[in-house]
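Q: Quick note on the working numbering: the sequence shown kicks off at 4 and runs consecutively.
For every residue, glycine included, the Cβ atom is placed at its ideal position computed from N, Cα and C.
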Amino acid sequence: MQNADLPIQLLPDGSGLAMNTERTVRFGPDGSDLSGFKFFYEPPTIMDRVTASAFDSKGRIWVSWRTNDSQRYFVQRARADGRLDTSFGESGVAQSLSGVPSEAVAQTMETQRIVVRPDDSAILFATSSPNVQRIDIFENEVALLSFSSNGELDEEFGIDGKVIVGNSFTALSAFRSTAGDIIVGYIPGYTGEPRLVRYDDRGERDEQFGEDGEINLAHLFPMGETLAQYPDFAHESATGRVIVVISSSASAYLASYWL
Numbered sequence: 004m005q006n007a008d009l010p011i012q013l014l015p016d017g018s019g020l021a022m023n024t025e026r027t028v029r030f031g032p033d034g035s036d037l038s039g040f041k042f043f044y045e046p047p048t049i050m051d052r053v054t055a056s057a058f059d060s061k062g063r064i065w066v067s068w069r070t071n072d073s074q075r076y077f078v079q080r081a082r083a084d085g086r087l088d089t090s091f092g093e094s095g096v097a098q099s100l101s102g103v104p105s106e107a108v109a110q111t112m113e114t115q116r117i118v119v120r121p122d123d124s125a126i127l128f129a130t131s132s133p134n135v136q137r138i139d140i141f142e143n144e145v146a147l148l149s150f151s152s153n154g155e156l157d158e159e160f161g162i163d164g165k166v167i168v169g170n171s172f173t174a175l176s177a178f179r180s181t182a183g184d185i186i187v188g189y190i191p192g193y194t195g196e197p198r199l200v201r202y203d204d205r206g207e208r209d210e211q212f213g214e215d216g217e218i219n220l221a222h223l224f225p226m227g228e229t230l231a232q233y234p235d236f237a238h239e240s241a242t243g244r245v246i247v248v249i250s251s252s253a254s255a256y257l258a259s260y261w262l
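1. On the CB-based measure, 16 or more other CB atoms within 10 Å of its CB, does A231 come out buried or exposed?
2. Quick test of your reading: K165 and A182, contact by CB under 8 Å. State the CB separation rounded to the nearest angstrom.
3. Just tell me which of M112, R198, V119 and F77 has its CA closest to the CA of R63.
4. Measuring CA to CA, which of R29, V187 and G213 is closest to D204?
5. If you draw a straight line from the alpha carbon of F172 to that of E144, how long is it in whole angstroms?
6. Among L175, F160 and R75, which has the Cα closest to the Cα of A125?
7. Check D36 in the structure and name its three-state DSSP category.
8. Quick check on DSSP: helix, strand or coil for R179?
9. Can you give me the C-alpha to C-alpha distance between S180 and Y202, rounded to a whole angstrom?
10. Grab me the residues of I167's own chain with a C-beta within less than 7 Å of its C-beta, minus the 5 sequence neighbours each way, in chain order.
11. When the Cα atoms are used, what is the spatial distance from R264 to W65?
12. So for G216, helix, strand or coil by DSSP?
13. Using three-state DSSP, classify A97 as helix, strand or coil.
14. Could you please give the first and the last residue of the uninterrupted beta strand (DSSP E) stretch that includes I64?
15. Rounded to a whole number of angstroms, what is the C-alpha to C-alpha distance between L264 and S35?
16. Suppose you measure from the CA of Q18 to the CA of D59; what does that come to, to the nearest Å?
17. Using 10 angstroms around the beta-carbon of E158, count the other beta-carbons present and answer buried if the total reaches 16, otherwise exposed.
18. Where A55 and F128 are concerned, what is the direct C-alpha to C-alpha distance, given to the nearest angstrom?
19. Go to N143, then tell me how far its beta strand (DSSP E) extends in each direction, as first and last residue.
20. Confirm, please, whether the CB-CB distance from G216 to Y263 is below 8 Å.
21. Is it buried or exposed, R69, if we count other Cβ atoms within 10 angstroms and call 16 or more buried?
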């Protein structure tokens with residue numbers, strides 16, 4: 004598959020999916036193509052690229068994508084067999100993220116990560132200026148958005164459905180811990196070091212997390228090394244610790260933190 008630049012998504016049975024800008028394909032535990040499953044994005048003529056994906060508890064697939072003019076962003080959901088789930092949002096398409104503008108620069112929010120809750124609602128980790136370099140993030144807004152399982156913006160989450168993580172930030176990653184909290188990774192400002200922060204399921208920031216509400220990862224890098232662009236940032240291990248995988252200008256590092 005060309006342009007398959009998103010992580011492969013796996014289910015507990017070992018099957019999973021891979022995707023590119025044209026379609027999503029399911030494969031079995033042995034790597035075989037599960038024939039009959041073909042999820043083509045609608046409408047395909049305006050598709051630019053998929054930005055994030057995730058399974059829910061029923062095996063359905065949340066997919067976010069942007070238009071080829073990079074001005075509109077959508078969230079769709081496919082059923083487990085790959086057909087569009089028309090019960091989601093409006094005829095299978097959730098409220099466009101164009102309806103959730105960044106207050107900082109009046110831009111729409113592009114999803115970087117989809118975090119599905121046990122009730123099949125989801126939190127979207129989004130940024131108003133995708134793929135920015137660290138020297139070009141002025142007023143970029145990083146936020147969490149909450150959507151219900153039927154594709155509606157949850158306006159009781161944060162303020163009108165959105166929690167602003169920060170402005171002039173580079174978005175790194177986000178995941179849901181087994182305790183139900185959302186762990187977010189970001190880089191503040193132009194010269195800041197990577198950080199981890201924690202939010203509860205309703206979007207309240209945990210000020211008791213780490214030191215003053217965050218874990219600063221600057222100590223991971225020896226003197227003179229700087230952060231590489233867009234690392235594979237953080238995941239939770241089976242023992243309940245945060246595993247951070249991050250690259251510098253010279254090396255790759257692995258660190259572990261208790262939640």
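A: A quick look at the data gives this:
1. Its pLDDT being 48, under 50, A231 is placed unreliably by the model, and nothing is read from it.
2. With 8 Å as the limit, K165 and A182 do not qualify as a contact, their Cβ atoms being about 23 Å apart.
3. Minimum Cα-Cα distance from R63 among the listed residues M112, R198, V119 and F77 corresponds to V119.
4. Checking every option, the nearest Cα to that of D204 belongs to V187.
5. Spanning the alpha carbons of F172 and E144 requires a straight line of approximately 7 Å.
6. The option with the nearest alpha carbon to A125 is F160.
7. Under the three-state reduction of DSSP output, D36 falls in the strand class.
8. If DSSP states are grouped into helix, strand and coil, R179 belongs with the strands.
9. Answer to the nearest angstrom: the Cα atoms are 10 Å apart.
10. For I167, where only same-chain residues beyond five positions count, the Cβ hits under 7 Å are E144 and A146.
11. Outside the shown range of the chain, which is 4 to 262, sits residue 264, and nothing can be said about it.
12. Note: G216 maps to coil in three-state DSSP.
13. Three-state DSSP puts A97 in coil, outside helix and strand.
14. Taken as a continuous stretch (DSSP letters only), the beta strand (DSSP E) holding I64 covers I64 to T70.
15. Since the first residue of the chain shown is 4 and the last is 262, residue 264 is not available in this structure.
16. The sequence shown places Ser at residue 18, rather than the Gln named in the question. So the two alpha carbons sit approximately 14 Å from each other.
17. The residue is exposed, with fewer than 16 neighbouring Cβ atoms inside 10 Å.
18. The alpha-carbon atoms of A55 and F128 are separated by roughly 10 Å.
19. That residue, N143, is in no beta strand (DSSP E); it is neither H nor E in DSSP.
20. Any answer about residue 263 is impossible in this case: the structure gives the chain only from 4 up to 262.
21. Residue burial annotation: R69 is buried, with at least 16 other C-beta atoms found within 10 angstroms of its C-beta.
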